[in-house]
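As numbered in this note's numbering, the sequence shown has no gaps in its residue numbers, which increase by one up to the final residue, 252.
All C-beta atoms, glycine included, are put in the ideal place defined by N, C-alpha and C.
Model, not experiment: these values are computed from the prediction.
Taking it in order: structure first as structure tokens, then the write-up.
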Amino acid sequence: MCVTPPGYVSVMMVEDHTAIRQMLAAFVAAMPGFHVVAEAESVEQALAMAELHRPSVVVLDWMLSGRSGLGFVRDIRIDPPPRVLVFSAITSALAVREALAAGAKGYLEKTAPFDEFKMALRSVAAGREYLGASAKRLLQQEAHAAMRLGAGPALTNREREVLRYVAEGLGSKEIADRLALSTRTVENHRANILKRTGLRSVAQLVLYAARLGLIDAPLAYLPEPSECDAPLSSQPAA
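So, in structure tokens, the structure goes:
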């Protein structure tokens, strides 16, 4: 077990790219008042290392070998739990919200300069929340979009039903089966929803459905970051 000098903040680095992890570890180790106690490249290894070394702060990549690093935040069982700074190449409002909802204390993009990384690490170590400039901007843009969508046009009861199922991830055929409608009718309702609201993506529809109170847990149904801006066809099926 690596012993942290008195008065120092113990840090664990969790990153699956060896060169990046070692570079960050060396950088943090050179910061006054910080001591790197462990490195890990997977969620499983990080959980084991955390049990052994009890770090005060964990610098965590969002994606580790194809698996979300947030599994570490959700599954960690040591007391007190470490404060987590997510340091990721993924920049989307969804990623930031999921990280904070899981219990992360900060979120910083890998495009940030080292000076900002130091600022973020010190803030999280002190128990303060830290969001990088890009993360703040994304959340602000999403909040503004939600406010605009909340004042959108009224939908018919049937359109609200269709919207709810779309927000839950169902396709037109599945929705048609649920509502005892034809697939063409469902596609027409989808087209009308898009026309009435002016929305263009799955993420926007989910947000709109949440604002209307049609879904209870929007975080669970939001698409992956790569899908957030995927356009929806407003053309009815042939």
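For residue j and residue i, the rounded distance between their alpha carbons
{"i": "residue 185", "j": "residue 77", "result": "28 Å"}
{"i": "residue 63", "j": "residue 174", "result": "48 Å"}
{"i": "residue 203", "j": "residue 106", "result": "29 Å"}
{"i": "residue 226", "j": "residue 205", "result": "18 Å"}
{"i": "residue 140", "j": "residue 199", "result": "56 Å"}
{"i": "residue 179", "j": "residue 112", "result": "22 Å"}
{"i": "residue 207", "j": "residue 177", "result": "8 Å"}
{"i": "residue 215", "j": "residue 90", "result": "35 Å"}
{"i": "residue 103", "j": "residue 66", "result": "28 Å"}
{"i": "residue 300", "j": "residue 81", "result": "Not covered by the structure: residue 300. The range shown for the chain is 15 to 252."}
{"i": "residue 60", "j": "residue 26", "result": "8 Å"}
{"i": "residue 20", "j": "residue 145", "result": "29 Å"}
{"i": "residue 213", "j": "residue 221", "result": "10 Å"}
{"i": "residue 38", "j": "residue 183", "result": "39 Å"}
{"i": "residue 228", "j": "residue 114", "result": "23 Å"}
{"i": "residue 92", "j": "residue 192", "result": "45 Å"}
{"i": "residue 131", "j": "residue 188", "result": "46 Å"}
{"i": "residue 41", "j": "residue 126", "result": "14 Å"}
{"i": "residue 4", "j": "residue 171", "result": "Look at the range of the chain in this structure, 15 to 252, and you will see that residue 4 is not part of it."}
Assigned exposure category for residue i - 16 Cβ within 10 Å defines buried
{"i": "residue 36", "result": "exposed"}
{"i": "residue 196", "result": "exposed"}
{"i": "residue 86", "result": "buried"}
{"i": "residue 83", "result": "buried"}
{"i": "residue 101", "result": "buried"}
{"i": "residue 154", "result": "exposed"}
{"i": "residue 128", "result": "exposed"}
{"i": "residue 33", "result": "exposed"}
{"i": "residue 17", "result": "exposed"}
{"i": "residue 194", "result": "exposed"}
{"i": "residue 118", "result": "buried"}
{"i": "residue 201", "result": "buried"}
{"i": "residue 109", "result": "buried"}
{"i": "residue 52", "result": "buried"}
Proximity below 8 Å, CB of residue i to CB of residue j
{"i": "residue 116", "j": "residue 88", "result": "yes"}
{"i": "residue 190", "j": "residue 223", "result": "no"}
{"i": "residue 28", "j": "residue 49", "result": "no"}
{"i": "residue 30", "j": "residue 56", "result": "yes"}
{"i": "residue 210", "j": "residue 169", "result": "yes"}
Any non-hydrogen atom of the ligand COA within 7 Å of residue i CB
{"i": "residue 199", "result": "Absence of the ligand COA from the depicted structure is noted, as is the absence of any ligand whatsoever, leaving it without description."}
**Request:** Could you tell me whether the stretch 107–126 touches the stretch 142–155, using the rule of 3 or more Cβ pairs below 8 Å?
**Result:** yes
**Message:** So, does the stretch 90–106 touch the stretch 62–80, judging by three or more C-beta pairs under 8 Å?
**Reply:** yes
**Item:** the stretch 36–56 touching the stretch 125–139, judged by at least three CB pairs closer than 8 Å
**Value:** yes
**Request:** Would you list, in sequence order, the uninterrupted alpha helix (DSSP H) runs of no fewer than 4 residues that lie entirely inside the stretch 18–90?
**Result:** 32–43, 57–67, 84–89
**Message:** Suppose only complete runs of 4+ residues qualify. What are the alpha helix (DSSP H) ranges in the stretch 132–210, listed by chain order?
**Reply:** 147–164, 171–181, 186–193
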